């Protein structure tokens with residue numbers, strides 16, 4: 496993928512999908528009574544929506560753009576296992592693991608595009624997104640450590 500429109504459409508797809516997940520994760524956190532984690536996920540959702548919007552800058556998606564799909568992670572709760580943690584905590588842990596997976600993939604993509612993007616402006620944008628994602632990875636890892644301590 497060396498086309499500028501495809502890169503921007505891909506950023507939009509990655510960040511839009513991530514925003515939807517973060518909003519769902521925020522609801523899980525609120526349901527579990529963790530307003531601090533809910534605010535963290537709401538912040539990630541807002542940042543993802545801003546990055547998606549920034550990528551398109553009000554332009555329509557290219558008609559022929561073959562947008563990447565982030566595969567959903569299907570996780571089924573064990574039905575017969577003894578529950579060691581509550582469903583709410585399991586939901587929060589799974590939400591954080593999914594957030595970590597999304598950030599790792601987008602960070603990897605942006606790191607690659609920071610080198611391979613055809614346009615210096617796109618490389619600069621990819622570096623900025625890569626930098627932001629690196630910081631978010633650290634924050635998510637701290638949340639996981641906090642919940643599993």
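Residue numbers (the working numbering): 496 to 644. No residue lacks a Cβ here, since even glycine has one placed at the ideal position from N, Cα and C. Remember, it's a predicted structure, so these values are computed and weren't measured experimentally.
Would you decide whether residue 635 is buried or exposed? Buried here means 16 or more other CB atoms lie within 10 Å of its CB.
-> For the purposes of this step, residue 635 is taken as residue 140 along the chain shown, with counting starting at 1. By the 10 Å Cβ count, residue 635 comes out buried.
Cut-off 6 Å between Cβ atoms - residues of its own chain near residue 510, not counting five sequence neighbours on either side | Working through the chain shown from its first residue, we reach residue 510 at position 15. Around residue 510: 543, 546 and 547.
Please go through the same chain and pick out, in chain order, the residues whose beta-carbon is closer than 8 Å to the beta-carbon of residue 601, but skip the five residues on each side of it.
-> Walking along the chain shown from the start, residue 601 turns up at place 106. Cβ within range, chain order: 509, 510, 513, 624 and 628.
Cα-Cα separation, residue 521 to residue 621 | Against the chain shown, residue 521 aligns to sequence position 26. Against the chain shown, residue 621 aligns to sequence position 126. So the alpha carbons of these two residues sit roughly 26 Å apart.
Using CA coordinates, which residue listed in 619, 616, 518 and 632 is at the minimum distance from residue 595?
-> Taking the first residue of the chain shown as position 1, residue 595 is located at position 100. Nearest C-alpha to residue 595: 632.
Alpha carbon to alpha carbon, how far is residue 638 from residue 507? Give it in angstroms, no decimals.
-> As a first step, residue 507 must be located in the chain shown, where it is residue number 12. As a first step, residue 638 must be located in the chain shown, where it is residue number 143. Going by the C-alpha atoms only, they are around 26 Å apart.
In its own chain, which residues sit with a C-beta less than 8 Å from the C-beta of residue 530, not counting the 5 before and 5 after it?
-> Reading the chain shown from its first residue, position 35 is the one you call residue 530. Excluding sequence neighbours, residue 530 sits near 524.
Sequence-distant residues of its chain with Cβ nearer than 6 Å to residue 590 (five each side left out) = Taking the first residue of the chain shown as 1, we reach residue 590 at position 95. Correct list, in chain order: 520 and 523.
Own chain partners of residue 540 with C-beta closer than 6 Å, once the 5 adjacent residues on each side are dropped = As a position in the chain shown, residue 540 is number 45, starting the count at 1. Answer for residue 540: 514, 517 and 518, listed in chain order.
Where the alpha helix (DSSP H) through residue 614 begins and ends = What you label residue 614 is simply residue 119 of the chain shown in a count that begins at 1. Where residue 614 is concerned, there is no enclosing alpha helix (DSSP H), given that its DSSP letter is neither H nor E.
In its own chain, which residues sit with a C-beta less than 7 Å from the C-beta of residue 533, not counting the 5 before and 5 after it?
-> Working through the chain shown from its first residue, we reach residue 533 at position 38. Answer for residue 533: 521, 524 and 525, listed in chain order.
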